[in-house]
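In full-length UniProt numbering, the protein residues as written are 1 to 108.
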């Protein structure tokens with residue numbers, strides 16, 4: 001693997017502006033609307049209901065892969081992949097910048 005391979009994956013900072021339940025998902029999940037600034041609003045599904053309440057997610061900065069093809073999950077089209085890591089219980093904890101940065105900024 002070379003740096004050029006990594007550089008093909010476009011990761012950007014976004015802000016969650018809307019969180020909804022996703023009752024048709026096979027595993028408990030939320031439907032997220034994320035603002036990526038000049039790159040627009042994108043939708044994503046995230047299996048993070050065990051760790052986060054909906055209110056905790058509003059206005060939270062996240063990191064997402066923005067150049068994967070859209071994926072249909074039940075009746076929902078997920079346009080970006082929100083990134084996270086597993087905690088000790090195997091639950092997903094979201095990755096995020098620790099300071100305010102412009103929406104849509106690329107991660108390197």
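Quick reminder that beta carbons are idealized off the backbone N, C-alpha and C, glycines included.
Given the structure is predicted, the values throughout are model-derived calculations rather than measurements.
Of the listed residues the options, nearest to residue i (C-alpha basis)
i: residue 102; options: 54, 70, 15 and 58; result: 15
i: residue 71; options: 39, 5 and 44; result: 44
i: residue 41; options: 31, 25 and 99; result: 31
For residue i, the first and last residue of its enclosing alpha helix (DSSP H)
i: residue 98; result: Premise fails: residue 98 is in no alpha helix (DSSP H) and is neither H nor E.
Span of the beta strand (DSSP E), counted from its first residue to its last, around residue i
i: residue 42; result: 41-46
i: residue 30; result: 30-35
Straight-line gap, residue i to residue j (C-alpha atoms, nearest Å)
i: residue 23; j: residue 50; result: 15 Å
i: residue 94; j: residue 77; result: 20 Å
i: residue 63; j: residue 69; result: 17 Å
Cβ separation of residue i and residue j, assumed to be a contact under 8 Å, to the nearest whole Å
i: residue 67; j: residue 4; result: About 15 Å; that fails the 8 Å criterion.
i: residue 80; j: residue 65; result: 6 Å
i: residue 29; j: residue 47; result: 5 Å
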